[in-house]
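For reference, the structure discussed in these notes is given below.
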Amino acid sequence: MRKFLYLSIICFFLFSCAKKEVPPLVKIPPPVIEKPKEEVKKPEKVEEVVKEKEVVSNATEEVFKPEEIPIQKEDKEYWKLYGRGSAPLLAIFFDFDEYSIREDMWDRIKENVKYLLNHPQAKIELQGNCDERGTNEYNMALGAKRALEVKKVLLKLGIEEGKIATISFGEEKPLCKESNEECWAINRRVDFVITK
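Heads up, the sequence shown stops at 197 in the working numbering, and the numbers go up one at a time, no gaps.
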């Protein structure tokens with residue numbers, strides 16, 4: 002009798018705990034990104050991007066005037082320049098699943114450095130953002146890596162560490178809410194927000 006009881010309990014557990022079928026993962030093809038027609042030369046050293054004398058002398062000639070910048074916070078063209086940051090500081094955009102700075106973003110970094118050197122009282126927060134693809138945890142880490150990469154470059158170009166804070170929003174604060182490559186590209190960025 003006991004053998005029969007044990008045998009029926011074992012059979013019950015073996016056959017009642019059937020494995021659930023997991024649907025196969027659908028692989029998303031990588032986005033097609035057009036390369037710029039001009040060959041952009043990436044500097045061999047970050048120090049070559051901006052020399053301090055050049056920044057200070059040119060900064061007085063090209064001082065940003067915030068009142069001249071059109072403030073259209075719901076406009077994709079505005080987002081492509083400033084993201085959710087503080088104009089006149091330009092957002093830095095990234096390729097899918099990357100945190101290294103794109104070659105076409107070096108001019109934006111130079112412009113932001115000019116502004117920050119010309120306004121030494123300014124403090125900024127670098128806000129790392131991602132598109133909606135990937136897990137929340139992964140995107141939080143990727144947003145942090147993006148913000149830290151930009152901070153590392155700013156430090157090499159002469160911005161004091163005490164004037165730079167970083168934060169990651171991952172995919173939590175998208176500017177563009179559509180699920181297409183144009184919106185995903187807008188959401189993969191680091192915003193420069195003036196905090197003081």
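In this text, a Cβ means the ideal position worked out from N, Cα and C, and glycines have one as well.
Remember, it's a predicted structure, so these values are computed and weren't measured experimentally.
Distance between Leu176 and Leu90 (C-alpha atoms, nearest Å): Position 89 of the sequence shown holds residue 90. Position 175 of the sequence shown holds residue 176. Cα-Cα distance, rounded: 17 Å.
Contact between the stretch 131-139 and the stretch 107-116 (3+ Cβ pairs under 8 Å): no
6 Å CB neighbourhood of Tyr83 in its chain, flanking five on each side removed: Within the sequence shown, numbered from 1, the residue matching residue 83 stands at position 82. Closer than 6 Å at Cβ, skipping near neighbours: Ala92.
Environment of Gln122 [buried if 16+ CB atoms lie within 10 Å]: As a first step, residue 122 must be located in the sequence shown, where it is residue number 121. Exposed, since its Cβ has fewer than 16 Cβ neighbours within 10 Å.
Residues bridged to Ile165 [DSSP beta-bridge criterion]: For the purposes of this step, residue 165 is identified with residue 164 of the sequence shown, where counting begins at 1. Ile125.
Endpoints, the alpha helix (DSSP H) within which Asp108 is located: The residue you call residue 108 lines up with position 107 of the sequence shown. It spans 107-119 - the alpha helix (DSSP H) in which Asp108 sits, taken as one unbroken run.
Proximity winner among Ala88, Glu173, Ile195, relative to Glu138 (alpha-carbon distances): For this step, residue 138 is matched to residue 137 along the sequence shown. Comparing Cα-Cα distances from Glu138 to each of Ala88, Glu173, Ile195, the minimum goes to Glu173.
Check whether Phe193 and Ser87 have beta carbons under 8 Å apart: Taking the first residue of the sequence shown as position 1, residue 193 is located at position 192. Taking the first residue of the sequence shown as position 1, residue 87 is located at position 86. Yes, Cβ-Cβ distance for Phe193 and Ser87 is below 8 Å.
Element boundaries [beta strand (DSSP E), containing Arg190]: The residue you call residue 190 lines up with position 189 of the sequence shown. That run of the beta strand (DSSP E) goes 190-195.
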